[in-house]
Amino acid sequence: MMRITLDRSMFPAGERDLVKARGLSVRAFRFKSGVEGLRIEGRRATLVLLPFRGQQVWSFELDGRSCAMRSMVTEPAAEPGFLESFGAFFVHCGLMAMGAPGPQDAHPLHGEFPSAPMDEAWLEIEELPGDSLVRVGGRYDHAVMFRGHYRAEPWVLLRSSATVFEVGMTLVNRAASPMPFMYLGHANFRPVDGGRLVYSAPYTPDAVRVRRSIPSHVTPAAGYPDLIAALAREPSVHHRLEPGLRFDPEVVFMVDYLADAQGWAHSLQIHPDGTADWIAHRPDQCPRAIRWLSRTPDQDCLALVEPATSGVEGYLEERAAGRVPILAPGATWTAVMRMGRLTATAALVLERKADGIAGRNAPPWPGEAGCAGSETAGAMRRDREL
Numbered sequence: 094m095m096r097i098t099l100d101r102s103m104f105p106a107g108e109r110d111l112v113k114a115r116g117l118s119v120r121a122f123r124f125k126s127g128v129e130g131l132r133i134e135g136r137r138a139t140l141v142l143l144p145f146r147g148q149q150v151w152s153f154e155l156d157g158r159s160c161a162m163r164s165m166v167t168e169p170a171a172e173p174g175f176l177e178s179f180g181a182f183f184v185h186c187g188l189m190a191m192g193a194p195g196p197q198d199a200h201p202l203h204g205e206f207p208s209a210p211m212d213e214a215w216l217e218i219e220e221l222p223g224d225s226l227v228r229v230g231g232r233y234d235h236a237v238m239f240r241g242h243y244r245a246e247p248w249v250l251l252r253s254s255a256t257v258f259e260v261g262m263t264l265v266n267r268a269a270s271p272m273p274f275m276y277l278g279h280a281n282f283r284p285v286d287g288g289r290l291v292y293s294a295p296y297t298p299d300a301v302r303v304r305r306s307i308p309s310h311v312t313p314a315a316g317y318p319d320l321i322a323a324l325a326r327e328p329s330v331h332h333r334l335e336p337g338l339r340f341d342p343e344v345v346f347m348v349d350y351l352a353d354a355q356g357w358a359h360s361l362q363i364h365p366d367g368t369a370d371w372i373a374h375r376p377d378q379c380p381r382a383i384r385w386l387s388r389t390p391d392q393d394c395l396a397l398v399e400p401a402t403s404g405v406e407g408y409l410e411e412r413a414a415g416r417v418p419i420l421a422p423g424a425t426w427t428a429v430m431r432m433g434r435l436t437a438t439a440a441l442v443l444e445r446k447a448d449g450i451a452g453r454n455a456p457p458w459p460g461e462a463g464c465a466g467s468e469t470a471g472a473m474r475r476d477r478e479l
């Protein structure tokens, strides 16, 4: 394995090759705003990371086409601020607070970590038989008197041949006292007209709850209250993304996920051609789950699932509701997520799995009345994304 410690001086105004391996290349550059970028190209997937700004995954492309949301923000702003730089594919949110701040909250929207100035950043390259992988990681120490002291270590891992990748976060309480913390992984796909949402939760109003409160940073469009009322009665209204169905400015759901035997919960946006966007997370690590949709003339965004430790109503309200976990002195918490694009075969396998977890009737395997376990396993092996 080769490890390269990244330094801000390594990022030029143009692009600079840092390393090449079997099926992988990594280049350093700067956005016009001056923010450092790391371009990782595999055989099919391309990621752009911000190694020194919260280790955001700024963009995700597959076969040259963007999988990320459409946003008015096309590059990270020079100054920190969540909405000013809200164009990324994936953002770590938290960690001392998270969500939309309430009237008495002092924290910024989604906390301090999205724009955290990383203390260290590095990349590791490992060549494998017929393949290679790259892992980008970093470290950020944050201390606030009377509030807490933590060390955060995020990472991203991509195999050269893969169309999915792994994102993770490890948090260590470095204080001598217990530390409340909040986390949310904000992954933003582009909605597809005619797409279907499938996920491992019951499709009931009790398990898929639409947010009725309106945060201060949005202004609802005409007809918004009627849409929210319809979604509260029947959440499956949002499961098919019809072109005329607008979510303006946004709709937020709280979803009670169920996991498979290995501890993973699954969320898919199945495209009309059968391929799918996919996120898997672990409810034992992130017991809350948020879905966010925004389809307006200015932006087109689908956060299939935002794995979280807490809700998004701001620190004080979440703490009062008992939804802010406590990390003991010296203790460690970790969250791992997998995300990307699946072939039609792999998507059908996971659709059947999600339906089975939630107790729904699974769709039939093409040309058959059902799909035996051995056939499912074979399909999963054939689709190397997984």
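Mapping of the sequence shown onto the working numbering: position 239 corresponds to residue 332, and the numbering continues sequentially without gaps. For glycine and all other residues, C-beta sits at the position ideal for the given N, C-alpha and C.
- prompt: Where does H185 fall in DSSP's three states?
  reply: To locate residue 185, count along the sequence shown from 1; it is residue 92. When DSSP states are grouped into helix, strand and coil, H185 belongs to the strand group.
task: Return helix, strand or coil for V257, following the three-state DSSP convention.
output: On the sequence shown, residue 257 is found 164 positions in, with the first residue counted as 1. DSSP places V257 within a strand segment (E or B) once states are collapsed to three.
field: S230 vs S208 beta-carbon contact at 8 Å
entry: Here residue 230 corresponds to residue number 137 of the sequence shown, with the count starting at 1. Here residue 208 corresponds to residue number 115 of the sequence shown, with the count starting at 1. The sequence given here has Gly at residue 230, not Ser. Going by beta carbons, G230 and S208 fall outside the 8 Å limit.
query: Cα separation between W458 and T438?
result: For the purposes of this step, residue 458 is taken as the residue at position 365 of the sequence shown. For the purposes of this step, residue 438 is taken as the residue at position 345 of the sequence shown. Cα to Cα, the separation comes out at about 9 Å.
Collapsed DSSP secondary structure at T368 in the structure displayed: Numbered from its first residue, the sequence shown carries residue 368 at position 275. Reduced to three states, the DSSP call for T368 is coil.
message: In whole angstroms, give me the CA-to-CA distance for I383 and R304.
response: Sequence index remark: in the sequence shown, residue 383 carries index 290 (1-based). Sequence index remark: in the sequence shown, residue 304 carries index 211 (1-based). For I383 and R304, the distance between alpha carbons rounds to 10 Å.
- prompt: What does a CB cutoff of less than 6 Å around A428 pick up in its chain, not counting 5 residues either side in sequence?
  reply: In the sequence shown, counting from the first residue as 1, residue 428 sits at position 335. The answer, listed in chain order, is M262, Q378, C379.
query: Just to confirm, are F258 and D370 a CB contact at a threshold of 8 Å?
result: In the sequence shown, the residue the question calls residue 258 occupies position 165. In the sequence shown, the residue the question calls residue 370 occupies position 277. No, these two residues do not count as a Cβ contact at 8 Å.
field: Among I419, A413, P328, G187, nearest to P344 - alpha-carbon criterion
entry: In the sequence shown, counting from the first residue as 1, residue 344 sits at position 251. The identity of residue 344 in the sequence shown is Val, whereas the question assumes Pro. Among I419, A413, P328, G187, the Cα nearest to that of V344 belongs to P328.
message: Please state the DSSP three-state secondary structure of T94.
response: One-based indexing of the sequence shown puts residue 94 at position 1. Note on residue identity: the sequence assigns Met, not Thr, to residue 94. Coil at M94, not helix or strand.
query: Mapping DSSP to helix, strand and coil, what is S102?
result: On the sequence shown, residue 102 is found 9 positions in, with the first residue counted as 1. Looking at S102 - three-state DSSP - the assignment turns out to be helix.
R375 versus P400, L386, I363, residue with shortest Cα-Cα distance: Position 282 of the sequence shown, counted from the first residue, corresponds to residue 375. From the listed residues P400, L386, I363, the smallest Cα separation to R375 is found for P400.
query: Any chance the CB of T167 is under 7 Å from a heavy atom of the ligand COA?
result: With respect to the ligand COA, the structure shown offers nothing to examine, as it has no ligands at all.
- prompt: With burial defined as no fewer than 16 other Cβ atoms inside 10 Å of the residue's Cβ, what is the status of P105: buried or exposed?
  reply: Your numbering for residue 105 matches position 12 in the sequence shown. Note on P105: under 16 other CB atoms within 10 angstroms of its CB, so exposed under the neighbour-count rule.
- prompt: Which word fits I419, buried or exposed, when buried means at least 16 other C-beta atoms lie within 10 angstroms of its C-beta?
  reply: As a first step, residue 419 is located in the sequence shown; it is residue number 326 there, counting from the start. That one is exposed.
query: For D100, does the count of other Cβ atoms within 10 angstroms reach 16, so buried, or fall short, so exposed?
result: Position 7 of the sequence shown, counted from the first residue, corresponds to residue 100. Around the beta carbon of D100, fewer than 16 other beta carbons sit within 10 angstroms, so the residue counts as exposed.
query: For R79, which residues of its own chain have a beta-carbon under 7 Å away from its beta-carbon, when the five flanking residues on both sides are left out?
result: Summary: the structure shown does not reach residue 79, with the chain confined to residues 94 through 479, and so no result is reported for it.
message: In whole angstroms, give me the CA-to-CA distance for T98 and R228.
response: Numbered from 1 along the sequence shown, position 5 holds the residue referred to as residue 98. Numbered from 1 along the sequence shown, position 135 holds the residue referred to as residue 228. T98 and R228 have their C-alpha atoms spaced approximately 12 Å apart.
- prompt: What separation, rounded to the nearest whole angstrom, lies between the Cα atoms of V348 and G241?
  reply: Here residue 348 is taken as the residue at index 255 of the sequence shown, counted from 1. Here residue 241 is taken as the residue at index 148 of the sequence shown, counted from 1. Cα-Cα distance, rounded: 30 Å.
field: Exposure label - M275; buried when at least 16 CB within 10 Å
entry: The count along the sequence shown starts at 1 and reaches residue 275 at position 182. When all chains shown are included, M275 counts as buried.
query: Taking A447 as the reference, which of Y233, V291, M165 has the closest Cα?
result: If you number the sequence shown from 1, residue 447 lands on position 354. Looking at the Cα atoms, V291 is the closest of the given residues.
Inter-residue spacing [alpha-carbon to alpha-carbon] between R477 and A255: Counting from one through the sequence shown, the residue named residue 477 turns up at place 384. Counting from one through the sequence shown, the residue named residue 255 turns up at place 162. Per-residue confidence for R477 stands at a pLDDT of 43, beneath the threshold of 50, marking its modelled position as unreliable; no derived number is given.
message: Taking its Cβ as the centre, do 16 or more other Cβ atoms sit within 10 Å of V237, making it buried, or is it exposed?
response: Position 144 of the sequence shown, counted from the start, is the residue given in the question as residue 237. By the neighbour-count criterion, in which a residue is buried when 16 or more other Cβ atoms sit within 10 angstroms of its Cβ, V237 is exposed.
query: Which of the three DSSP states, helix, strand or coil, is assigned to S178?
result: Taking the sequence shown and counting its residues from 1, one reaches residue 178 at position 85. Three-state result, S178: helix.
field: 3 or more residues per run - each beta strand (DSSP E) lying fully within the region 341 to 425
entry: Counting whole runs of 3 or more residues, the region 341 to 425 contains the beta strand (DSSP E) stretches 358 to 363, 369 to 374, 381 to 388, 393 to 401.
query: Looking at the unbroken beta strand (DSSP E) that takes in L216, where does it start and where does it end?
result: Working through the sequence shown from its first residue, we reach residue 216 at position 123. Start and end: 213 to 221.
message: Taking the alpha helix (DSSP H) that T121 belongs to, which residues open and close that run?
response: Taking the sequence shown and counting its residues from 1, one reaches residue 121 at position 28. Before going on, a small fix: residue 121 reads as Ala here, not Thr. Segment 117 to 123 is the beta strand (DSSP E) holding A121; no alpha helix (DSSP H) there.
- request: Tell whether a beta-carbon distance below 8 Å holds between L361 and L251.
  value: For this step, residue 361 is matched to residue 268 along the sequence shown. For this step, residue 251 is matched to residue 158 along the sequence shown. Result no, Cβ atoms of L361 and L251 do not sit closer than 8 Å.
task: If I'm right that F122 touches G107 with Cβ under 8 Å, what's the distance once you round it to whole angstroms?
output: The residue you call residue 122 lines up with position 29 of the sequence shown. The residue you call residue 107 lines up with position 14 of the sequence shown. About 7 Å separates the two Cβ atoms, so the contact holds.
field: Three-way DSSP call (helix, strand, coil) for S329 in this model
entry: Residue 329 sits at position 236 when you count from the first residue of the sequence shown. In the structure shown, S329 adopts helical secondary structure according to DSSP, grouped into three states.
message: Can you list, in chain order, the residues of its chain with a C-beta nearer than 6 Å to that of S102? Leave out the 5 residues immediately preceding and following it.
response: For the purposes of this step, residue 102 is identified with residue 9 of the sequence shown, where counting begins at 1. Scanning its chain for C-beta atoms nearer than 6 Å, with the 5 sequence neighbours on each side dropped, one finds no residue around S102.
field: Residue range of the unbroken alpha helix (DSSP H) whose run includes L441
entry: The residue you call residue 441 lines up with position 348 of the sequence shown. Unbroken alpha helix (DSSP H) run through L441: 437 to 451.
message: Rounded to the nearest angstrom, what separates D234 and P365 at their Cα positions?
response: The count along the sequence shown starts at 1 and reaches residue 234 at position 141. The count along the sequence shown starts at 1 and reaches residue 365 at position 272. When rounded, the distance between both Cα atoms is 44 Å.
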